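Q: Sharing a structure, written as structure tokens. Questions coming.
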Amino acid sequence: MKIISKITMGLDKVSNTPVIFLFLEKTHLALPIWIGPCEAGILAMALKKEKFDRPLTHDLYINTLKKMGYSITQIVITKIEKNIYHSNIYLKNSEEKSVIIDSRPSDAIILAVKNETSIFLDDDIAINNAVEVDFLGDIEEDRDDLKKMLDEFNIDNMKDYFNKGDE
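Quick note: the sequence shown uses my numbering, first residue 9, plus one each step.
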């Protein structure tokens, strides 16, 4: 398995869809994963370590696991089927009981970022789907396009909505 050393985001100019770039440690390779705009907004906030007064869904999941005595030990992107990536969330409790949960990579990556958990990539996926970083084009320009899309998504409105609490 390959470990992911860095995560960046961009915008696919053809489909106008957010893309996560998972950079493989000690290589010049990155795995692009296309995600939805809502997931991109949440991941962008997680990467910036933005906090909310009330827990968002991923925070709720982490908090529930902690209350049940489990912690997230790692995330593994396991396979690709019909052009869809699959991942697993690995959990462990204080008694060393392990649990593996199937997950969408976007959710697993958000959990990993929020929980500061390592992300791994199956060797076959790395070999067959990772691309040379040079082939990614101008990531800075992609980031500018993504920033514009996220600005239009209006994270502040989303933040205000979630911070209102139960009214």
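We put the beta carbon where it would ideally sit given N, CA and C, even for glycine. Since we're looking at a predicted model, the values are computed, not measured.
Per DSSP, which residues does V107 bridge with? Please list them.
A: As a position in the sequence shown, residue 107 is number 99, starting the count at 1. V107 pairs with L99.
Q: So, is P113 buried or exposed, given that buried needs 16 or more other C-beta atoms within 10 angstroms?
A: Indexing the sequence shown from 1 puts residue 113 at position 105. P113 comes out buried.
Q: In terms of residues, what are the limits of the beta strand (DSSP E) holding E176?
A: As displayed, the chain neither begins before 9 nor continues past 175, which places residue 176 out of reach and without an answer.
Q: DSSP puts T35 in a beta bridge; with which residues?
A: Here residue 35 refers to the residue found at position 27 of the sequence shown. T35 is not bridged to any residue.
Q: Assuming I12 and L30 are in contact, meaning their beta carbons sit under 8 Å apart, how far apart are those beta carbons, in whole angstroms?
A: Translated into positions along the sequence shown, residue 12 becomes position 4. Translated into positions along the sequence shown, residue 30 becomes position 22. Going by Cβ atoms, the distance from I12 to L30 rounds to 5 Å, so yes, they are a contact pair.
Q: Are the Cβ atoms of L68 and L99 separated by less than 8 Å?
A: Counting from one through the sequence shown, the residue named residue 68 turns up at place 60. Counting from one through the sequence shown, the residue named residue 99 turns up at place 91. No, they are not a contact pair.
Q: In the DSSP assignment, find the unbroken alpha helix (DSSP H) run with L64 in it and report its ends.
A: Position 56 of the sequence shown, counting from 1, holds the residue named residue 64. First-last for L64: undefined, no H or E at that position.
Q: Just grab the DSSP bridge partners of Y78 for me.
A: By 1-based counting over the sequence shown, the position of residue 78 is 70. Y78 pairs with N101.
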